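Heads up: the sequence shown is residues 4 to 384, going by the numbering used here.
Encoded as structure tokens, the structure appears first; notes follow it.
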Amino acid sequence: MEMDTMEESFDVAIIGGGIIGASIAYQLSKMGRKVIIIEKDRLASQASSAAAGMLAAQAEIEEDGPLFQLALKSQAMFSALSRELYEYTGIDIEYVNKGMVKIAETEEIAVEVKKQVAYQRKWDPKINWLDAKELQEMEPSLSPSVAGGMYLPNDGHVQPAKLAQALAKAAVYFGAEIRENTEVLSFIFENGQVKGLKTTTGVIHSEQVVVATGAWAAKLMRESGLDIHVYPVKGECFSVKSEKPIINTTIFSDKRCYLVPKQNGEIYIGATMIENTFDNKVTLEGIATLIERATQLVPQLKEAAWERVWSGIRPQTGDGIPYIGEHPSWKGLFVAAGHFRNGVLLGPVTGKLVADLLTGRLVDETLLSAFHLERHKQSVY
Ligand code: FAD
Ligand code: GLY
């Protein structure tokens, strides 16, 4: 059969081959479902290969709530998941669990970070405040002007592109198919039920469809008559390498500057936040700002060797939390998108929740109520 007239059937069609789509595919395939991932470009070619890979539940999410609780659950899944994926695929996702320091550059910021320490200790009593001297002992390359920091021993990181590849390959191990260079154009609906998809290479029949298209989710969902508030936020990063390690733990200054020491010796330094653009060019201005911030924090970085630059498009939502749930009008059509700055961290738990939802195994549906698709109708954003 010619590719352009191809028609096939699957139990579940997942649109988007990033970490979120691949994680859902892995869990569903393991449960015995016949799954296909349809990706317009290549697997993990967008945000999922641009991420720094931090599993930064406590550093990134400052308030308790459904998103924070989901993040803690997902963070706890990584240790077992990394072993499991290695067993099925031979891919090492480079899970490093050496902790993170969320630093306070001034005494004024230290007051706020100390409050966070007290609060975060509810969930992890090992979290503590390091004063300037203790911080210098732990990270001697850090500028002595830093006032202190919150030490988060359980904040690890992974190599995001490898995580996405491993999840997809593990899904294939359990029978999934992957269709790259294929764009989904629209849905096929009949009597209130999704029946399949029209793609650039043919029709795919499926009574369960998951939209996991990251920053591109709003565009595709408009084809179903539903407006969801997902919009792009570009992030630029660069990396350096040095013969001797410069830092041991992740240094998180604020949401515009962090340094992540990777297993291969690279230090990832990120990231800018540029709203409302799908143009992923890396600008000199973006990288210059990052270099200035990073070398103020760790002056020794100036001696490191330049490695590379890159960028990606984060999927942000109106209220900062992802959409996970079923379409209000079309049975069988689901969305899992809008994971913004935390899609790597939230990948494992999203995969498991969505797979449970689709297979009727989700015991407590209230777990997903905060993420439902029509919530913007009730809020002011
Ligand atoms: P994506 O990886 O963007 O995948 C969506 C896929 O859908 C794409 O491959 C796209 O090609 C495909 N697609 C779109 N439309 C269609 C269509 N019509 N048909 C077929 N395919 C389609 N998160 C963390 O947890 N920790 C971090 O440290 C971290 N750092 C980050 C740093 C940067 C610079 C950036 C940009 C992001 C970072 N993130 C981080 C966020 C994380 O990368 C994202 O939240 C996550 O990758 C989103 O995954 P996704 O699968 O939803 O989206
Ligand atoms: N979570 C890091 C970033 O999005 O830049």
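Idealized CB from N, CA, C, for every residue including glycine.
None of the values given here were measured: they were computed from a predicted structure.
Tell whether a beta-carbon distance below 8 angstroms holds between residue i and residue j.
i, j, result
"A60", "A50", "no"
"L31", "L349", "no"
"I96", "V161", "yes"
"V263", "M34", "no"
"V213", "V357", "yes"
"P318", "F374", "no"
"F81", "P351", "yes"
"H330", "L370", "no"
"A340", "G217", "yes"
"E111", "V149", "no"
"A47", "A167", "yes"
"A28", "A171", "yes"
"I249", "S372", "no"
"I94", "A25", "no"
"W132", "G102", "no"
"A221", "V233", "yes"
"F337", "G328", "yes"
"L3", "S256", "Outside the shown range of the chain, which is 4 to 384, sits residue 3, and nothing can be said about it."
"E10", "V206", "yes"
"I22", "V38", "no"
"Q119", "M153", "yes"
"S146", "F190", "no"
Is it buried or exposed for residue i, if we count other Cβ within 10 angstroms and need 16 for buried?
i, result
"D158", "buried"
"L287", "exposed"
"P235", "buried"
"K105", "buried"
"W309", "exposed"
"M6", "Interpretation of M6 is limited by its pLDDT of 49, a score under 50 that renders its predicted location unreliable; the figure taken from the coordinates is listed afterwards. It counts as exposed."
"A173", "buried"
"G363", "exposed"
"E239", "buried"
"S242", "buried"
"H208", "exposed"
"E63", "buried"
"K43", "buried"
"R182", "buried"
"N194", "exposed"
"A53", "buried"
"L88", "buried"
"F1", "For residue 1 there is no data in the structure shown, the boundaries of the chain being 4 and 384."
"T203", "exposed"
"G273", "buried"
"S332", "exposed"
"G20", "buried"
Can you tell me whether residue i is helix, strand or coil according to DSSP?
i, result
"A59", "coil"
"W333", "coil"
"H208", "strand"
"W126", "coil"
"E5", "With a pLDDT of 49 at E5, under the threshold of 50, the modelled position of this residue cannot be trusted; read the value that follows with caution. It is coil, neither helix nor strand."
"D257", "strand"
"V271", "Note that residue 271 corresponds to Tyr in the displayed sequence, not to Val. Y271 falls in the strand class under three-state DSSP."
"H379", "helix"
"V366", "coil"
"N131", "strand"
"A179", "coil"
"M149", "It should be pointed out that residue 149 corresponds to Val in this sequence rather than to Met. Here V149 sits in coil by DSSP."
"G315", "strand"
"K117", "helix"
"I41", "strand"
"L361", "helix"
"T216", "coil"
"S245", "coil"
"I191", "strand"
"Y384", "Bear in mind that the predicted position of Y384 carries a pLDDT of just 36, short of 50, making it unreliable; the figure below should be weighed with that in mind. Of the three classes helix, strand and coil, the one that applies to Y384 here is coil, per DSSP."
"P156", "coil"
"K101", "coil"
"E110", "helix"
"K198", "strand"
"E142", "coil"
"G238", "strand"
"E278", "strand"
Where DSSP assigns a beta bridge to residue i, which residues make up the other side?
i, result
"T185", "Answer by DSSP bridge pairing: none, since T185 is not bridged."
"T408", "Coverage of the chain is limited to positions 4 through 384, which leaves residue 408 absent and any answer about it impossible."
"V338", "V214 and G328"
"K136", "K136 pairs with nothing; no bridge assigned."
"V15", "V38"
"T320", "V233"
"L262", "I254 and I272"
"A308", "K244"
Does chain B have any CB closer than 8 angstroms to the CB of residue i?
i, result
"L349", "Absent from the structure is chain B; it holds one protein chain and no more."
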